[in-house]
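Trainee:
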Amino acid sequence: MAKKLGTKNTNLSTILERQNNSLKTRLSVISKLINWLRFKNTDLTGVGVVALTATAVTGVLLIFRHLGVLQPLELLIFDQMVMQKPDEGPDPRLLVVAITEEDIQTLKQSTITDETLAESLEKLQQYQPAVIGVDIYRDIAQGSGKEKLEKQLQKPNIIAIAKMGTTGNFEVPPPPSVPPERIGFNDLLQDVDGVVRRNLLFGNLNKETTLFSFPLQITGAYLTPQGIQPENSQTNPDLIFWGKAQFLPLHPYSGGYEKLDASGYQILLNYRSRNNIAKQVSLNQVLKNEIQPEWVKDKIVLIGYTAPTKRDLFLTPFSPAEIQAPKMAGVLIHAQITSQILDAVVGERRLFWFWSEWGEVLWIAFWALAGGSLAWLVNHPLRLAVGGGGMLLIIVGTGYYLFLNTAWIPIGIPGLATLTTIALVISYKAYQAQYQQQIVMKLLGQNTSPEVAEALWKNRDKLIKSGKLPGQKLIATMLFTDLKDFSTISEQMPPEVLMEWLNEYLGILAETVQKNKGIINKFTGDGIMAAFGVPVERTTENEIAEDAYNAVDCALQFGEKLKEINKEWQTRGLPVVQMRVGIFTGPVVVGSLGGKDRQEYGIIGDSVNIASRLESCEKDRQTSICRVLIAKETLLYIEANYLVENWGPLALKGKHQTVDVYRVIGRKSLTPTS
């Protein structure tokens with residue numbers, strides 16, 4: 076084995092320098108992208124918001140990943156996938172001779188003596204095993220039988236162990252009678268949570284000495300007689316070809332690992348079975364000849380302690396589900412590793428493979444974008460919850476499918492990216508909604524009907540840009556009102572009484588306008604300026620006609636309300652009044668008027684002027700309590716439903732051309748207004 080496998084000898088400072096340079100590169104790219112988005116999206120569009128949020132979230136998560144903050148989440152998911160993976164059953168090529176607690180008690184040997192171990196090896200050898208791996212330290216003789224054990228250990232199919240440790244010298248040396256080519260270290264790599272998920276195939280004891288793992292030496296001894304030997308790649312020093320397998324070592328960010336110490340040559344451990352890795356017999360069964368020859372012949376036999384009192388036990392991904400015996404004996408983990416290497420070499424199970432680091436970054440960024448896009452496009456909470464849950468299922472499903480095909484990709488981080496961007500984009504939309512609502516309410520006040528308010532809200536993204544309602548040309552019906560002889564009335568009333576009386580009157584007008592789907596644009600002292608058909612553009616003739624109907628209906632309702640309130644005022648000793656209404660349908664321009672500190676919703680255009688002039692036209696011709704004048708432009712939309720009186724073409728103040736004027740008498744289906 077030592078002649079075939081190259082070493083992976085990387086200095087720790089070089090690893091850290093590469094990691095830091097990698098982080099700096101990612102941060103530089105992220106910073107440039109954020110600056111570009113900020114420059115391109117001063118007034119952020121939906122694409123800009125989603126892109127900027129996804130970029131920021133991806134950047135933050137990559138920083139957390141570099142610091143190792145999110146590794147526990149990925150390892151937890153990895154363990155869950157290991158537990159859910161179908162059990163592949165025992166490996167028929169392996170036999171485990173377990174030294175159990177019962178064996179220790181029966182033999183009355185807390186540590187198996189050289190005599191007992193030699194006898195067990197001698198009995199196994201008579202059944203012609205291919206390889207025997209002895210996972211028992213024998214650097215120091217135990218009891219009697221030293222010479223007998225040395226004789227057994229000199230057999231060419233015996234693999235013994237040492238403990239490499241971290242000091243540069245053996246922590247536990249190998250048996251002195253066994254040559255180096257039949258020695259393997261039995262050190263098991265444990266992650267920060269104590270779980271064994273990786274296997275160190277070979278590493279440097281010191282600068283001069285490279286050691287191979289116990290399972291690797293066993294597998295090599297088993298396959299070499301079959302002519303299957305490993306070869307180093309001529310182009311990639313990390314790549315090893317062995318049978319049908321291609322071995323590549325873990326790097327610091329393989330799969331869900333973050334800032335992993337990947338020194339030596341490590342691979343991810345692919346557990347074959349939870350509790351049944353191979354057929355097991357006890358040491359006493361071997362000593363008493365209670366085993367069948369076919370269990371041993373041409374097989375790999377591993378001997379080691381499984382007794383809890385020997386404390387050669389380790390946490391595995393299965394541990395959370397194993398209540399009574401959460402830890403696995405070291406000899407059984409070595410059997411798992413041996414089975415994995417064998418399967419890989421003969422092509423039965425692939426070794427784990429991983430995306431490149433940038434592939435994983437793109438995977439995380441994609442789901443950040445997907446989550447942000449979902450949150451931007453979907454407003455309904457239930458649909459958003461279903462969509463977000465669906466995305467998480469796709470991430471987990473994809474990760475688990477690839478895991479079953481021996482690939483490990485990040486799952487927790489893209490899941491966090493999805494949820495975080497969804498939460499941030501929702502928060503941004505909520506902020507924008509509140510901000511836009513403030514703009515709408517500041518510009519339009521409270522004087523809108525629920526229908527208009529709902530229409531405004533649905534169209535707020537189109538209406539509001541850069542904190543303003545931009546100028547927009549549309550067709551609307553304008554309505555102006557005024558009280559007859561208000562100046563005379565105001566002179567006869569104390570100011571505080573006048574204000575209360577006027578507010579009562581204007582309140583009735585505002586309420587009536589709202590009920591008829593209009594908005595109050597201005598209070599003009601004793602009157603109002605109202606609009607029907609703003610600020611949401613009407614795109615069909617039917618919609619424009621509906622606005623005209625609503626405006627004329629509203630004016631007629633003014634008269635009905637005024638009759639009622641006049642009676643009440645009369646009983647309270649307040650003046651009774653008459654009012655005038657002017658209505659015109661035509662093009663107007665709407666939008667924000669004013670500076671950045673003070674704005675109002677402006678409606679301008681000739682149609683506004685005509686409606687105002689119709690209200691004040693021929694003031695002396697007051698034939699009803701509420702006189703409603705319209706022009707022909709409005710009549711064209713409503714004449715089928717209303718009785719009108721033709722006043723003919725009139726010259727309105729400020730107009731060079733005459734306007735065809737009509738007085739609205741009432742609805743055709745109702746008694747005319749008197």
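Residues 76 to 749 in my numbering are what the sequence shown spells out, letter by letter. Just so you know, even glycine gets a beta-carbon here, dropped at the ideal spot from N, CA and C.
1. Is the beta carbon of PRO305 closer than 8 angstroms to that of PHE289?
2. For the region 458 to 474 against the region 375 to 387, do three or more pairs of beta-carbon atoms, one drawn from each stretch, fall closer than 8 angstroms, so that the two count as touching?
3. Quick one: what's LYS230 bridged to in DSSP?
4. Looking only at its own chain, which residues have a Cβ that is under 8 angstroms from the Cβ of LEU467, when we skip the five neighbours before and after it?
5. Considering Cα atoms alone, identify which of PRO650, LYS548, MET553, ILE640 is closest to GLU566.
6. Whose CA, out of LEU280, GLU149, TRP438, lies closest to the CA of GLU246?
7. Output needed for ARG113: all residues of its chain with C-beta closer than 7 angstroms, excluding positions within five of it in sequence on either side, in chain order.
8. So who's on the other strand from LEU459, going by DSSP bridges?
9. Of all Cβ atoms in chain C, is any one closer than 8 angstroms to the Cβ of PHE607?
10. Do three or more CB pairs link the region 698 to 710 to the region 656 to 671 at distances below 8 angstroms?
11. Note down the Cα distance separating LYS652 from GLN589, rounded to an integer number of angstroms.
12. Would the beta-carbon of LEU554 fall within 8 angstroms of that of GLY593?
13. Inspect the beta-carbon positions of ILE352 and LEU407 and report whether they are closer than 8 angstroms.
14. Per the contact definition of three or more C-beta pairs closer than 8 angstroms, is the region 175 to 190 in contact with the region 216 to 232?
15. What does the alpha-carbon distance come out to for the pair THR120 and TYR503?
16. How about PRO712 and LYS743: do their beta carbons lie closer than 8 angstroms?
17. Mark GLU690 as exposed unless 16 or more other C-beta atoms lie within 10 angstroms of its C-beta, in which case mark it buried.
18. Thinking C-beta only, is LYS319 closer than 8 angstroms to VAL471?
19. Have a look at GLY723, GLN321, GLN146 and flag the residue whose alpha-carbon is nearest the alpha-carbon of ARG424.
20. By DSSP's criteria, LEU390 is part of a beta bridge. Which residues make up the other side?
21. Under the rule that 16 or more other beta-carbon atoms within 10 Å means buried, what is VAL736, buried or exposed?
22. Candidates MET158, GLN697, ALA626: which alpha carbon is nearest ARG655's?
23. Would a C-beta distance cut-off of 8 angstroms place GLY447 and ALA205 closer than the cut-off?
24. Output the distance between the C-alpha atoms of LEU182 and VAL356, rounded to the nearest integer angstrom.
25. What runs of the alpha helix (DSSP H), each 4 residues or longer, lie entirely inside the region 699 to 741?
26. Under 7 angstroms Cβ to Cβ from GLN184, same chain only, skipping five residues before and after it: list those, please.
27. Does the beta-carbon distance from LEU584 to PHE633 come in below 8 angstroms?
28. Looking at the strands, I want to know which residues DSSP matches up with PHE478.
Mentor: This is what the structure holds:
1. Working through the sequence shown from its first residue, we reach residue 289 at position 214. Working through the sequence shown from its first residue, we reach residue 305 at position 230. No, they are not a contact pair.
2. No contact exists between the region 458 to 474 and the region 375 to 387.
3. Here residue 230 corresponds to residue number 155 of the sequence shown, with the count starting at 1. In the DSSP output, where bridge partners are listed per residue, LYS230 has none listed.
4. Position 392 of the sequence shown holds residue 467. The answer, listed in chain order, is GLY490, THR493, LEU494.
5. Here residue 566 refers to the residue found at position 491 of the sequence shown. Per the Cα distances, PRO650.
6. Residue 246 sits at position 171 when you count from the first residue of the sequence shown. The candidate whose alpha carbon is nearest that of GLU246 is LEU280.
7. On the sequence shown, residue 113 is found 38 positions in, with the first residue counted as 1. With a pLDDT of 43 at ARG113, under the threshold of 50, the modelled position of this residue cannot be trusted; read the value that follows with caution. Correct list: empty, nothing qualifies.
8. Numbered from 1 along the sequence shown, position 384 holds the residue referred to as residue 459. Bridge partners of LEU459: none, in fact.
9. Protein chain content of the structure displayed is limited to a single chain, and chain C is not contained in it.
10. Because the criterion of three Cβ pairs below 8 angstroms is met, the region 698 to 710 and the region 656 to 671 touch.
11. Counted from its first residue, the sequence shown places residue 652 at position 577. Counted from its first residue, the sequence shown places residue 589 at position 514. Looking at the sequence shown, residue 652 is not Lys but Val. The alpha-carbon atoms of VAL652 and GLN589 are separated by roughly 22 angstroms.
12. Here residue 554 refers to the residue found at position 479 of the sequence shown. Here residue 593 refers to the residue found at position 518 of the sequence shown. In contact: LEU554 and GLY593 (Cβ atoms closer than 8 angstroms).
13. As a first step, residue 352 is located in the sequence shown; it is residue number 277 there, counting from the start. As a first step, residue 407 is located in the sequence shown; it is residue number 332 there, counting from the start. Cβ distance < 8 angstroms, so ILE352 and LEU407 count as in contact.
14. Touching, yes, given that three or more Cβ pairs across the two stretches are closer than 8 angstroms.
15. Walking along the sequence shown from the start, residue 120 turns up at place 45. Walking along the sequence shown from the start, residue 503 turns up at place 428. CA-CA distance, THR120 to TYR503, rounds to 12 angstroms.
16. Numbered from 1 along the sequence shown, position 637 holds the residue referred to as residue 712. Numbered from 1 along the sequence shown, position 668 holds the residue referred to as residue 743. The sequence shown places Tyr at residue 712, not Pro. Contact: no.
17. As a first step, residue 690 is located in the sequence shown; it is residue number 615 there, counting from the start. When all chains shown are included, GLU690 counts as buried.
18. Counted from its first residue, the sequence shown places residue 471 at position 396. Counted from its first residue, the sequence shown places residue 319 at position 244. Taking 8 angstroms as the Cβ cut-off, VAL471 and LYS319 do not qualify as a contacting pair.
19. Against the sequence shown, residue 424 aligns to sequence position 349. Measuring C-alpha to C-alpha distances from ARG424 to each of GLY723, GLN321, GLN146 identifies GLN321 as the nearest.
20. Within the sequence shown, residue 390 is the residue found at index 315, counting from 1. According to DSSP, which records beta bridges pairwise, LEU390 is partnered with VAL270, LYS402.
21. Counting from one through the sequence shown, the residue named residue 736 turns up at place 661. Here VAL736 is buried, its C-beta having at least 16 other C-beta atoms within 10 Å.
22. In the sequence shown, counting from the first residue as 1, residue 655 sits at position 580. The residue with the shortest Cα to Cα distance from ARG655 is GLN697.
23. Position 372 of the sequence shown, counting from 1, holds the residue named residue 447. Position 130 of the sequence shown, counting from 1, holds the residue named residue 205. No, the pair does not count as a contact, with Cβ atoms beyond the cut-off.
24. Taking the sequence shown and counting its residues from 1, one reaches residue 182 at position 107. Taking the sequence shown and counting its residues from 1, one reaches residue 356 at position 281. Linking LEU182 to VAL356 through their CA atoms gives a straight-line distance of about 16 angstroms.
25. Listed in chain order, the complete alpha helix (DSSP H) runs (minimum 4 residues) inside the region 699 to 741 are 707 to 713.
26. Translated into the one-based positions of the sequence shown, residue 184 becomes position 109. For GLN184, where only same-chain residues beyond five positions count, the Cβ hits under 7 angstroms are THR191.
27. Counting from one through the sequence shown, the residue named residue 584 turns up at place 509. Counting from one through the sequence shown, the residue named residue 633 turns up at place 558. At the C-beta level, LEU584 and PHE633 come within 8 angstroms of one another.
28. The residue labelled residue 478 in the question sits at position 403 within the sequence shown. DSSP output for PHE478 lists no bridge partner at all.
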